[in-house]
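Report on the structure given below.
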Amino acid sequence: LILMDMQMPIMDVISAAGAVRRLARPQRDVPIIALTANALVGQREICLAAGMNGFLTKPIQPEALYAAISQWARRRR
């Protein structure tokens, strides 16, 4: 599971997600959850279209983080 902040210093999150999705299996299938403090309109849809699996806004509620991790942990068993 990758938790990826939307504001990374070197590579933007869309490019980073694309790079992960271009890897060989099974690495490219790892779930990616975007994290952001600036939830702009349409940002969630952009992330999902880029191949991410989820989207959480900061400050992250512990329950939301647990639910996201649990969802992907169950699917991997």
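Everything in the sequence shown is counted per our numbering, starting at 687 for the first residue and increasing by one. Built from N, CA and C at the ideal position, the CB exists for glycine as well.
Hey, would you say residue i sits closer than 8 Å to residue j, going by beta carbons?
{"i": "Ala732", "j": "Met690", "result": "The amino acid occupying residue 732 in the given sequence is Ile; Ala does not appear at that position. Their beta carbons are not under 8 Å apart, which means Ile732 does not touch Met690 by this criterion."}
{"i": "Ile688", "j": "Ala736", "result": "no"}
{"i": "Val716", "j": "Val706", "result": "yes"}
Report all residues from its chain with a CB closer than 6 Å to the CB of residue i; omit the five preceding and five following residues, and keep chain order.
{"i": "Ala725", "result": "Thr743"}
{"i": "Ile741", "result": "Reading off the sequence, residue 741 comes out as Phe, not Ile. These residues qualify, in order along the chain: Ala720, Arg730, Cys733."}
{"i": "Ala723", "result": "Lys744"}
{"i": "Ile758", "result": "The sequence shown places Trp at residue 758, not Ile. So the list reads Leu687, Pro717, once near-sequence residues are dropped."}
Assuming residue i and residue j make a contact with CB atoms under 8 Å, what is their CB distance in whole Å?
{"i": "Met697", "j": "Leu721", "result": "So it is not a contact: roughly 15 Å between Cβ atoms."}
{"i": "Ala710", "j": "Met738", "result": "With 8 Å as the limit, Ala710 and Met738 do not qualify as a contact, their Cβ atoms being about 19 Å apart."}
From residue i to residue j, what distance separates their C-alpha atoms?
{"i": "Ile755", "j": "Ile746", "result": "13 Å"}
{"i": "Tyr752", "j": "Arg761", "result": "14 Å"}
Please return the same chain residues whose Cβ sits closer than 8 Å to the Cβ of residue i, not counting the five positions on each side in sequence.
{"i": "Gln708", "result": "As written in the sequence, residue 708 is Arg, which differs from the Gln given in the question. Excluding residues within five positions, the ones whose Cβ falls inside 8 Å are Arg714."}
Can you list, in chain order, the residues of its chain with a C-beta nearer than 7 Å to that of residue i? Leave out the 5 residues immediately preceding and following it.
{"i": "Met694", "result": "Ala702"}
{"i": "Ala750", "result": "Leu742"}
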